[in-house]
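Comments concern the structure below.
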Amino acid sequence: MCQICDCERKQDFKSIENLQTLNCSRCPLLTSVPPTLVNLQSLSCSNCPLLTSIPPTLVNLQGLDCSNCPRLTSIPSTLVNLQTLYCTDCPLLTSIPPTLVNFQILFCSACPLLTSIPPNSWPFKLVSTHLLWTRLSL
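Put into structure tokens, the structure is as follows:
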């Protein structure tokens, strides 16, 4: 079992608040990412079936992979430095906040409720985009 999933060990995150990269993918019991990781720049939390949210305190985050997180409903509007977002198979994700305009890579597929992406990021700043099985109208 992944140690980050163990609820009793979450207090350990106080000692690593300067962490810049975290891969907690495939943690079957992970429900949330500790909000104290404010210096985090890259987060991979794919394949976490119980993950419901990303903390809004991760304002330095530049890369996020939240693919295959079936309970994830939103991306925080405070993640204004986000440049790369992978969100595949997130059936409850409905929108990407309009405050997130620095995307270079946006990969969204099999997000059937996704209806909007930030208008200022389309199409000029994007280097790569992949939008399939969404309800986006561009």
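Counting from 124, one number per residue, gives the positions in the sequence shown under the numbering used here. Quick reminder that beta carbons are idealized off the backbone N, C-alpha and C, glycines included.
From the options, pick the residue whose C-alpha is nearest to that of residue i; which is it?
| i | options | result |
| --- | --- | --- |
| LEU142 | LEU184, PRO172, ARG149 and PRO151 | LEU184 |
| SER285 | ASP188, LEU195, GLY186 and THR159 | Residue 285 is absent from the model: the chain starts at 124 and stops at 261. |
| LEU223 | SER239, LEU160 and THR211 | SER239 |
| THR262 | GLY186, LEU237, PRO172 and VAL182 | Residue numbering for the chain in the displayed model covers 124 to 261; residue 262 lies beyond these limits and cannot be assessed. |
| VAL161 | CYS147, ASN146 and VAL182 | VAL182 |
Does residue i come out as helix, strand or coil in the three-state DSSP assignment?
| i | result |
| --- | --- |
| ILE139 | helix |
| LEU229 | strand |
| CYS189 | coil |
| THR159 | coil |
| LEU223 | coil |
| ASN146 | strand |
| LEU195 | coil |
| CYS210 | strand |
| SER176 | strand |
Mark residue i as exposed unless 16 or more other C-beta atoms lie within 10 angstroms of its C-beta, in which case mark it buried.
| i | result |
| --- | --- |
| PRO199 | buried |
| ILE139 | exposed |
| LEU208 | buried |
| LEU202 | buried |
| LEU174 | buried |
| PRO178 | buried |
| PRO157 | buried |
| LEU229 | buried |
| MET124 | Low confidence applies here, because MET124 scores a pLDDT of 42, under 50, leaving its location unreliable and the question unanswered by this model. |
Suppose contacts are defined by Cβ-Cβ distances below 7 Å. Is residue i in contact with residue j by that definition?
| i | j | result |
| --- | --- | --- |
| SER167 | ASP188 | yes |
| ASN170 | ASN204 | no |
| SER165 | THR144 | yes |
| LEU237 | LEU215 | no |
DSSP beta-bridge partners for residue i?
| i | result |
| --- | --- |
| LEU216 | According to DSSP, which records beta bridges pairwise, LEU216 is partnered with nothing at all. |
| LEU166 | LEU145 and LEU187 |
| SER239 | SER218 |
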